[in-house]
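Asks: Here the sequence shown is numbered in our numbering, starting from 256 and rising by one per residue.
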Amino acid sequence: MTHTGIEQQLENAEVHGGILATQGNKNVQVHGEGNVLTFNQTEILQISAETITSRTLTTTSPYKGLKRFESSDKELFFGRDNFITALVRELEQTNLILLLGASGSGKSSVVRAGLIPWLERKYGAKFINLIFTPDADPFDSFYASLLSKYSQAEAKIAREQKAETLINVVNNLKKDGEYWLIFIDQFEELFTISNEDRRREFINGLMRLSQAKLPNVKIMGTMRADFLERLSDFPQIVEATQKYRPMIVEMQPNELRLAIEQPAAHHGVIFEPGFVNRILADIQGQAGCLPLLQYTLNLIWEDEIKTGSINDRTLNISTYDDLGGVKGALQQHVNCFYKKLSPSERLATQRIFLKLVGIGESAESGIEWKPVRRRAMLSEFGDDERDMLLKLVNENLLVSNADLSANETSKKGFFGSSKSGKSHSTVEITHEILLTCWDKLDNWIQTNRQGIAIRNRLYEDVQRWQTKKLEDELWTGSKLEQILELKKDDNFHQVLGGFNHEANQFIDASVELRDRQLKRARRFALVGFTLAGLATVFGGFAFVQQQEAQKQNIIGMTQIAESRLLTSNELDAMTEAIKAKKKLNNLWLKDAKTRTQVELALLNTVHSLAAPHTLGGHAEQVNGVSFSPDGKTLASASNDNTVKLWDTDTGKLLKSLTGHTEWVNGVSFSPDGKTLASASGDNTVKLWDTATGKVIKTLTGHIDSVNGVSFSPDGKTLASASGDNTVKIWDTATGKVIKTLTGHTDFVHRVSFSPDRKTLASTSNDNTVKLWDTATGKVLNTLTGHKNWVNGVSFSPDGKTLASASADDTVKIWDTATGKVLNTLTGHEGDVSEVSFSPNGKMLASASYDDTVKLWDTATGKVLKTLTGHTDSVFGVSFSPDGKILASASGDKTIKLWDSNTSKVMKTLGGHTNLVKGVSFSPDGKMLASASGDNTVKLWNTDTGKLIQTLSGHTNWVNEVSFSPDGKVLASASGDKTIKLWDTTTGKVLNTLTGHTSYINGVSFSRDGKVLASASDDRTVKLWDTDTGKLLNTLTGDTGLVRGVSFSRDGKMLASASADKTVKLWDTATGKVLKTLTGHQMVVYGVSFSPDGKTLASASRDGMVKLWNTATGKEIKTLTGHTNTVNGVSFSPDGKMLASASADNTIKLWDTDTGREIKTLTGHTDSVFGVSFSPDGKMLASASSDNTVKLWRWDVDYLLREGCDFMREYYKTNPPKDESENKMCDGVGSGA
């Protein structure tokens, strides 16, 4: 707020229906119907609604829509008083501040309409504010800001491109007594737009100016927080701003109330009683809601003006509802505008917007497809786009620094100077919120994202090349050929608008370089022929040359295939990829590079056409999935109280395991695959014989839902996580409780044994992960850092890292030795429910409530893939033992099996009648177990996708399933507070482990299968003897529900994911906490160890997957990309990939080395709860709230067969023009 005193604040305040009108520092509000009392220590003043409505009505809208607030809007800027006060204090202490925040958080507005007016009032005419956004040349941008105060002759010194320039400007122009604020808005554009050399000189200049400590010269920058890493190239500025990087946070409800009510009050208008409370309820928990809020309020105002209702001085709820509320107003209004456009205008609109979209810095760091707005030169737009540009600017969808209306008929003027006097006129999208909240634009971006990516990379390289135009900066080889193919494509020009002038110059220069190099090569080749002399030598050389020519031809085909994909011409892309693969098969002199290029082209093209493989059958959401050790069977746990077993190859339902009386939260195969454990809301764990589908034992003892189960590596013990805040460790042979681990202070969600079975990890609603010593039951470490529930944990195969999944939308990777966060993986837009390392530890999979699964590169923390397709929250993810398949369990009642290379769903296993919470492959990869809210565990044939059997016995949701290392036993964790150990051959319950007093969220076998760990809402992790079912130890220490557990491969550590936002690494021998991994902002739902145990992946509600170094506990990477909660993660068998299951309905595959997203698997129609790789890594299973399990496959020979089968079917009704295309698949697939 910009008013100077409490009296002025009160005069401009307004209240109706008991709604807070105003607040001042140290003031107190007393609410009453139609009035509010605001008082401080000396006075009590009363303001009535009538005071507001008696003012003169101002009909212009007091709301900014998508535009930022300017200094002239200071009377309408409310809700940031405390933050502005803090900024002023910091400016008094330092002369350089970087204000950080997310896009849409209001960084620019706080400075422009809050801080600057405050300084103007204090210093009056002595205050000089110099505002600019960096351009290609930041010195030129600074020069343009000076022109508002000084003549060109005075300001020209600013155009000197050297570090001394800024000090020289101040020394030459600043007068005594003046107070200068140099405000650099969108500081990140120094890294995205500015020339590299000039950027470096300019930042060095800023530092020299700051270090000079000139009186009353302040430097303020606003920067998106995701660009913070880019500052690492400038250690001086990092050090200088170490204490002065305030983060703008979400506004509190009382601040939002001010921002909503007070602008209207300023214009003499109030809100209908209850209206403001309704808005606040609608935007509660929505990050970045401010632009949508302002846009909606502006539309309400304009609508009330049009209808004349504003004369009643009241804004009405009915108008709000008609516009679609905060969530729907922007979409509805922009779609209405778009529908009125002619076909040619619509095409121009699409082209204009796509020219203005780029890839954000966070995308380059691992998030797949984080689109951002791009500032473009007006010269990039053609004559046919000028009228549409003007319309879009007038509609406030675009903004420009040029006066377009004044130059409507003059091309020279249109492309000329800007309003600010800068030499270049630009245009950009008004606000980034449009990129995601306007469905049509979002669809355009997703459809053309590969083209945008190539253009983005090209423009970055063009920018570097422009400085010195060095030859080694030009494009060559496949990059050049790909861009030339794209340039030839008419659709690329029609939809994306081609390339700008500078890019075309760069391409031409690259072609000239290529041609020169080819001529030079031919000359050298001719000399070589002449000197060779002997015919035999010549003949051998000719053969090599002929083979090389064929390789170049093959590479050319793959480039054409990729370029065809960019323009959505999948059939041509498929044809070229198949031809390339066939030619490669006939090539004598193969090399790895050519082979890889062909395989990638084939993977991408088949992926674009392949049908999803969804396992449907659960009647309610699927909570979890687990592969049998051989990868042939997948188990799914569902809210329909059943566990289903599926054939991972065919997708057929093998068995439906019934017996639970409440939802089944999770399932886990014993190491030998013969037993399946299921965790249920009926407070029990059931052990099922996977061969017969019969209950072997029902483990009772928990007094609340069993949320997860996990077999120890030797299969002898089972751990269960429960809502009774405990983890129980059961003897799988006897079904008796060995230990009850207490220490968590809230629900325990998941448990997981370390590979050496010595440590058990548990996750809890107390926001922590606890690591327990399985021998003693003592806490080794409590991992704190998550800001919400920790839902799941997973040890890396080597046990050195632990991943945790949290409701804070993040996954954290922890070093199990030190308990430190190695990485925080962000990207999910909902709770991360589970995480799972790939068998080789290189990937981590996370499941989220944002309906997606993300795959993360455990080395870099980057998103490899986002798997979409579920239509509800994803509760579980599991890699098959070979890492080729990832299974996900979802609230859409399905399990999806994903090919972790292609990210395509191979099979959909339907059969659960409720959401699928988790999936787990058997050790041999032949079975997949799914845990469901239908209270059952299902076992599936991974080859056929058929249901093998349904394991029934739990009386509540089955949250997770886990195979024992030998695949003979499956453990299931249930909301019935029990863990069941099932014989995977018979489907019978071997044992039911009881002892948890609340939901059991997860189970994990130790590598030898002798110990099972369980994670529970009772805040404990329990270690069980899998032979006897006895409780070995109860690990206590988590302060929140334990969401998941995972053993390290050597069994020495256990990781637990907790609702306390932490992951804990436990010493399985002593039960002590080794480390507590902190870093997640919300609940951690799942953790998974990489196969080598060195990395742990964690999935969280914060939408992130984090990779942790298990030795140090440090965060390695944060994998971001999911748009909702990550429910689970799973590593591929070789550890190179990580699969993540998310509530964004997707599964993402991540490269664990780089952290980059490899692929996003879509197909589930609800949240994906769990993912699991098959043992051979060729399949991925996913469990979803859409009640299905999906099987995804990426075996290259399989994909070639699939591609050829598809083309044969297509050619039956669409004969090819070239007969050779009809024969290209001879000898491949069903036509062989």
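Built from N, CA and C at the ideal position, the CB exists for glycine as well. As the structure is a prediction and not an experimental result, all values here were calculated from the model.
#1: Using a Cβ-Cβ cut-off of 8 Å (strictly less than) and excluding sequence neighbours within five positions of V1300, which residues of its own chain qualify?
#2: Using the three-state DSSP reduction, which class does L421 fall into: helix, strand or coil?
#3: Which residue marks the beginning of the alpha helix (DSSP H) containing R710, and which one marks its end?
#4: From T955, G998, P1010, pick the residue whose C-alpha is nearest to that of T987; which is it?
#5: Kindly indicate the opening and closing residues of the beta strand (DSSP E) around L1319.
#6: For the region 309–324 against the region 370–379, are there 3 or more C-beta pairs whose distance is under 8 Å?
#7: Take the Cβ of V504 as the centre, count every other Cβ of all protein chains shown within 10 Å, and call the residue buried at 16 or more, exposed below.
#8: Could you tell me whether the Cβ atoms of Q214 and E740 are closer together than 8 Å?
#9: According to DSSP, is N1256 part of a helix, a strand, or is it coil?
#10: Hey, K1361 and S1051: beta-carbon distance below 8 Å or not?
#11: With DSSP as the reference, please indicate the residues paired to I614 in a beta bridge.
#12: Could you pull out every unbroken alpha helix (DSSP H) segment of at least 4 residues lying fully inside the region 351–391, listed in chain order?
#13: Enumerate, from N- to C-terminal direction, the unbroken beta strand (DSSP E) stretches of 3 or more residues contained entirely within the region 1025–1051.
#14: Quick check: the region 1399–1407 against the region 1103–1119, are at least 3 beta-carbon pairs closer than 8 Å?
#15: Where H748 and L602 are concerned, what is the direct C-alpha to C-alpha distance, given to the nearest angstrom?
#16: What's the C-alpha gap between Q407 and G752?
#17: Does DSSP classify V472 as helix, strand or coil?
#18: What residue from V750, K724, K743, N746 has the CA that sits closest to E757's CA?
#19: May I ask which residues mark the beginning and end of the alpha helix (DSSP H) holding T306?
#20: Tell me the rounded alpha-carbon separation between L842 and L857.
#21: Mind listing, in chain order, the continuous beta strand (DSSP E) runs of no fewer than 3 residues lying wholly within the region 849–936?
#22: How far does the beta strand (DSSP E) with W730 in it extend, from its first residue to its last?
#23: Going by beta carbon distance, what residues of the same chain come within less than 6 Å of K907, once the five residues before and after it are set aside?
#24: When the Cβ atoms of the region 1026–1034 are set against those of the region 1107–1120, are three or more pairs found closer than 8 Å?
#25: Pull up the distance between the alpha-carbon of G978 and that of L689, whole angstroms please.
#26: I believe G948 touches L1225 by the beta-carbon criterion, under 8 Å. Please report the beta-carbon distance rounded to the nearest angstrom.
#27: Could you check whether N896 and S1088 sit closer than 8 Å to each other, using their CB atoms as the reference points?
#28: When the distance is taken between beta carbons, is T1081 closer than 8 Å to K1359?
#29: Can you check whether the CB of R1411 is closer than 8 Å to the CB of L1152?
#30: So if DSSP puts I439 in a beta bridge, which residue, or which two residues, is it bridged to?
#31: Once you ignore the five residues that flank S364 on each side, which residues in its own chain have a CB closer than 6 Å to its CB?
#32: Whole-angstrom Cβ separation of A1438 and L1393, contact assumed at under 8 Å?
#33: Determine the direct distance from the alpha carbon of P884 to that of T905, and round the result to whole angstroms.
#34: What three-state label does DSSP hand P490 in the structure shown?
#35: DSSP three-state label for Y575, please.
#36: Could you tell me which uninterrupted alpha helix (DSSP H) segments, each at least 4 residues in length, are contained entirely in the region 553–599, listed from first to last along the chain?
Replies: Walking through what the data contain:
#1: G963, S965, A974, A976, V982, R1005, V1006, S1007, F1008, L1015, A1016, S1017, T1018, V1048, G1257, V1258, S1259, A1268, S1269, A1270, V1276, L1309, A1310, S1311, A1312, V1342
#2: helix
#3: 704–723
#4: T955
#5: As written in the sequence, residue 1319 is Lys, which differs from the Leu given in the question. Unbroken beta strand (DSSP E) run through K1319: 1317–1322.
#6: no
#7: exposed
#8: Look at the range of the chain in this structure, 256 to 1487, and you will see that residue 214 is not part of it.
#9: strand
#10: no
#11: P626
#12: 371–378
#13: 1034–1038
#14: yes
#15: 11 Å
#16: 36 Å
#17: strand
#18: K724
#19: 304–308
#20: 17 Å
#21: 869–875, 879–882, 885–892, 898–902, 904–907, 910–915, 921–924, 930–934
#22: Neither: W730 is in no beta strand (DSSP E) and is coded neither H nor E.
#23: N1196, T1199, G1200, K1201, L1202
#24: no
#25: 41 Å
#26: About 10 Å; that fails the 8 Å criterion.
#27: no
#28: For the sequence presented, residue 1359 should be read as Met rather than Lys. Yes, Cβ-Cβ distance for M1359 and T1081 is below 8 Å.
#29: no
#30: F387, G476
#31: R323, F324
#32: Wrong, their Cβ atoms sit about 17 Å apart, outside the cutoff.
#33: 17 Å
#34: helix
#35: helix
#36: 572–578, 580–594
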